[in-house]
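Engineer: Numbered per this note's numbering, the sequence shown spans residues 31 to 273. Beta carbons: idealized from backbone N, C-alpha and C, even for Gly. In this text the structure is predicted, and so the values were computed from the model without any measurement.
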Amino acid sequence: MKGYVHSIETFGTVDGPGIRYVLFTQGCLLRCKYCHNADTWEIGTGKEMNVADIVKDIQTYLPFIESSGGGVTVSGGEPLLQIPFLIELFKECKKIGVHTTIDSSGGCYSSSPLFQEQLLELLKWTDLILLDIKHIDRKKHLSLTGMTNDHILDFAHFLSEHHMPVWIRHVLVPSITDYKEDLLALGAFIRTLDNVEKFEILPYHKLGIYKWEALDLEYPLKDINPPTEQDVNLAYKMVTGTL
Numbered sequence: 031m032k033g034y035v036h037s038i039e040t041f042g043t044v045d046g047p048g049i050r051y052v053l054f055t056q057g058c059l060l061r062c063k064y065c066h067n068a069d070t071w072e073i074g075t076g077k078e079m080n081v082a083d084i085v086k087d088i089q090t091y092l093p094f095i096e097s098s099g100g101g102v103t104v105s106g107g108e109p110l111l112q113i114p115f116l117i118e119l120f121k122e123c124k125k126i127g128v129h130t131t132i133d134s135s136g137g138c139y140s141s142s143p144l145f146q147e148q149l150l151e152l153l154k155w156t157d158l159i160l161l162d163i164k165h166i167d168r169k170k171h172l173s174l175t176g177m178t179n180d181h182i183l184d185f186a187h188f189l190s191e192h193h194m195p196v197w198i199r200h201v202l203v204p205s206i207t208d209y210k211e212d213l214l215a216l217g218a219f220i221r222t223l224d225n226v227e228k229f230e231i232l233p234y235h236k237l238g239i240y241k242w243e244a245l246d247l248e249y250p251l252k253d254i255n256p257p258t259e260q261d262v263n264l265a266y267k268m269v270t271g272t273l
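(1) Where does the unbroken alpha helix (DSSP H) through G42 begin, and where does it stop?
(2) Work out the CA separation of C138 and E211 for me, nearest whole Å.
(3) Compute the beta-carbon to beta-carbon distance between K241 and D69, rounded to the nearest angstrom, for a pair I have assumed lies under 8 angstroms.
(4) Is it buried or exposed, F115, if we count other Cβ atoms within 10 angstroms and call 16 or more buried?
(5) Counting only runs of 3+ residues fully inside the segment 200 to 262, write out the beta strand (DSSP E) ranges in chain order.
(6) What would DSSP say about E191, mapped onto helix, strand or coil?
(7) Looking only at C-alpha atoms, which of I126, T156 and E39 sits nearest to I20?
(8) Take the Cβ of L150 as the centre, count every other Cβ of all protein chains shown within 10 Å, and call the residue buried at 16 or more, exposed below.
(9) Please say whether L202 and Y234 have beta carbons closer to each other than 8 angstroms?
(10) Does the distance from the CB of V196 to the CB of L161 come in under 8 angstroms?
(11) Measuring only the C-alpha atoms, how far is S142 from Q148?
(12) With a Cβ-Cβ cutoff of 8 angstroms, do G48 and G99 count as a contact?
(13) How far does the beta strand (DSSP E) with R23 in it reach, from first residue to last?
(14) Leaving out five residues on either side along the sequence, give the residues of the same chain with a beta carbon under 6 angstroms from the beta carbon of L216.
(15) Are the beta-carbon atoms belonging to T40 and Q56 less than 8 angstroms from one another?
(16) So, is A186 buried or exposed, given that buried needs 16 or more other C-beta atoms within 10 angstroms?
(17) Does DSSP put H129 in a helix, a strand or coil?
(18) Using three-state DSSP, classify L160 as helix, strand or coil.
(19) Leaving out the 5 sequence neighbours to the left and right, which residues in its chain are closer than 8 angstroms to H66 when beta-carbon positions are compared?
Shown next, in the form of structure tokens:
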């Protein structure tokens with residue numbers, strides 16, 4: 031079984047518990063205006079890698095992974111565009127006792143029988159999902175990512191119904207995702223879910239601009255500066271109801 035891989039980070043510390051072996055898959059349906067991995071958008075490109083070679087590489091980092099309570103995280107792009115590949119990869123990870131995590135926007139979630147069947151099989155081998163909710167408002171989500179969020183919120187409910195542990199993550203972008211009413215609405219939505227173990231506010235940054243330039247794309251948020259630490263703390267309290 032092969033998958034399309036963009037890159038690998040062998041010492042990740044922000045994509046799940048402990049030290050993570052982070053595999054970034056190629057391909058995404060969203061076009062987030064602040065995306066720092068715009069070079070992962072194109073589907074069907076990237077480096078073809080087989081599961082056996084990836085697992086062999088993972089094993090060289092097991093001492094760090096095990097001592098830190100870490101594991102393997104598949105990010106992107108959008109990992110769920112390659113579910114059969116993830117199933118085989120995670121099955122092999124479980125054979126060597128490795129914690130498995132998916133970092134997903136839910137942007138390709140579908141109610142089709144085939145997708146549902148494959149997704150349920152994948153969840154059997156998955157320990158945690160990091161779900162990125164880009165915006166709670168439907169129209170603002172469309173403006174920010176190029177897609178509405180109906181199916182993404184459906185995905186969140188699906189994960190809750192199937193008792194899949196989730197960390198919800200939200201990128202705080204000044205003047206776009208930091209409005210009080212939207213943060214309160216996001217918090218209200220999260221409280222409808224029964225499986226959320228953690229909520230994280232991720233401050234917007236400009237570290238991926240050079241990739242847009244390399245792709246000859248105009249970066250749309252070049253005039254927006256990152257939020258302050260105070261802004262991030264305030265947003266977190268709004269969403270979690272601890273203000």
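Structural biologist: Answer, in terms of the structure:
(1) Note, G42: premise wrong, no alpha helix (DSSP H); beta strand (DSSP E) at K32 to G42.
(2) 27 angstroms
(3) 5 angstroms
(4) buried
(5) 226 to 233
(6) helix
(7) Residue 20 falls outside the range modelled here, since the chain spans only 31 to 273, and no answer is possible.
(8) exposed
(9) yes
(10) yes
(11) 10 angstroms
(12) yes
(13) The question about residue 23 has no answer here: the residues shown for the chain are numbered 31 through 273.
(14) I166 and V269
(15) no
(16) buried
(17) strand
(18) strand
(19) H235, L237, G238 and K241
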